[in-house]
Amino acid sequence: MRTDPQLIPCSYCISWSKLYSLFDVQWLYFANVTLFEIGSAISGAAPTMNALIVGRTIAGVGGCGMYVGGLTFLSVVTTPKERPIYISLVTPV
């Protein structure tokens, strides 16, 4: 099975960025972790390939929200001088 694991998360990054600017970062991040775990549970218990694809899609949306939330959280709690150091530690090349 080869599906593009970045297709779904990339399509939701702008939406999550807007939601993080509107709502509390902590609770929205917690909701994304929960969404990711639900998608992982669906994927792990999938009896068919269609269920696996749905579970991975849900996990991808939650994972994208966690990634954007982590960057948002780091930009809130760090000073502008130390922000590039912390952002470079959590973003892949």
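Residues in the sequence shown are numbered consecutively from 1141, following this note's numbering.
A virtual CB, placed ideally from N, CA and C, is assigned to each residue, including glycine.
If you draw a straight line from the alpha carbon of residue i to that of residue j, how long is it in whole angstroms?
i	j	result
Asn1190	Glu1222	44 Å
Ile1225	Thr1188	43 Å
Ile1182	Leu1168	21 Å
Val1194	Thr1174	16 Å
Leu1162	Thr1212	12 Å
Ser1228	Gly1202	22 Å
Skipping 5 residues on each side, what residues in its chain have a beta carbon closer than 6 Å to that of residue i?
i	result
Gly1205	Trp1156 and Asn1172
For residue i, which residues of its own chain have a beta-carbon under 7 Å away from its beta-carbon, when the five flanking residues on both sides are left out?
i	result
Cys1153	Cys1204 and Val1208
Val1216	Val1165
Ala1199	Phe1176, Gly1179, Ser1180 and Ser1183
Leu1192	Ser1183 and Ala1186
At which residues does the alpha helix (DSSP H) containing residue i begin and terminate?
i	result
Thr1174	Val1165 to Gly1184
Compute the distance between the beta-carbons of residue i and residue j, then report whether it is under 8 Å.
i	j	result
Arg1196	Gly1184	no
Examine chain C for any beta-carbon lying closer than 8 Å to the beta-carbon of residue i, and answer yes or no.
i	result
Leu1229	Of the protein chains in the structure, only one exists, and it is not chain C.
> Counting only runs that start and end within the region 1191 to 1231, where is the alpha helix (DSSP H) found for 4 or more residues in a row?
Replying inline: 1223 to 1230
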